[in-house]
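To start, the structure itself, in structure tokens.
Numbering (the numbering used here), first residue to last: 10 to 225.
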């Protein structure tokens with residue numbers, strides 16, 4: 010009610026709670042939020058970086074106003090934003106580090122480092138779809154920790170390409186065979202029923218990602 014009252018007075022105010030993929034939160038949201046805050050300084054934006062299970066549970070429980078994630082079956086609305094490629098992370102001295110692609114069937118011979126176990130990740134979904142048998146030798150709840158474990162030669166892992174956009178390390182990043190992409194989008198309980206502040210924020214996310222991905 011406070012947000013609608015503020016809108017009537019020509020203002021947008023309130024708090025919005027956003028769940029987001031780690032890669033999106035780190036690489037895209039800072040500049041999007043900067044532009045949003047310049048236009049709507051009275052809106053407080055709260056970002057929680059988390060995986061799919063936490064985000065969709067949070068949407069159902071009302072903890073998040075919307076989430077930037079990949080689609081899973083749920084009772085709300087879905088706004089697609091962009092596609093991102095899934096890639097393999099290999100130690101730089103791995104026999105396939107200089108190959109053009111990494112065949113997923115090779116995973117049965119590897120020590121696999123699983124990021125965010127038990128969180129309904131795109132990684133596990135893809136491996137199930139492809140009926141790939143693999144041994145999870147290590148797990149980590151932080152993607153950067155997973156990256157550094159690969160760098161240390163402990164095994165291989167998988168993630169979306171955006172995750173490593175700003176990282177520098179001794180890790181080979183290869184497309185996988187067969188190739189896979191994920192659709193990143195906004196999951197929201199009700200687009201029409203969202204508060205004015207959330208609707209404005211969604212507009213800025215759509216506009217911001219479109220500008221970031223535009224050819225230069």
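From the three backbone atoms N, C-alpha and C, an ideal C-beta is built for every residue, glycine too.
These numbers come from a predicted model, not from an experiment.
{"Query": "C-alpha gap between residue 206 and residue 52, whole angstroms", "Result": "7 Å"}
{"Query": "Where residue 124 falls, given that 16 or more other Cβ within 10 Å makes a residue buried", "Result": "buried"}
{"Query": "Endpoints, the beta strand (DSSP E) within which residue 53 is located", "Result": "52-58"}
{"Query": "Inter-residue Cα distance where the pair is residue 181 and residue 104", "Result": "11 Å"}
{"Query": "Beta carbon of residue 28 nearer than 9 Å to that of residue 63", "Result": "yes"}
{"Query": "Segments assigned beta strand (DSSP E), at least 3 residues, entirely inside the region 89-163", "Result": "120-124, 144-149"}
{"Query": "C-alpha gap between residue 19 and residue 186, whole angstroms", "Result": "Caution applies to residue 19, whose pLDDT of 47 falls short of 50 and renders its modelled position unreliable; the model cannot decide the point."}
{"Query": "Whether residue 25 touches residue 210 by CB criterion (9 Å)", "Result": "yes"}
{"Query": "Element boundaries [beta strand (DSSP E), containing residue 217]", "Result": "First-last for residue 217: 205-222, but that is the alpha helix (DSSP H), not the beta strand (DSSP E)."}
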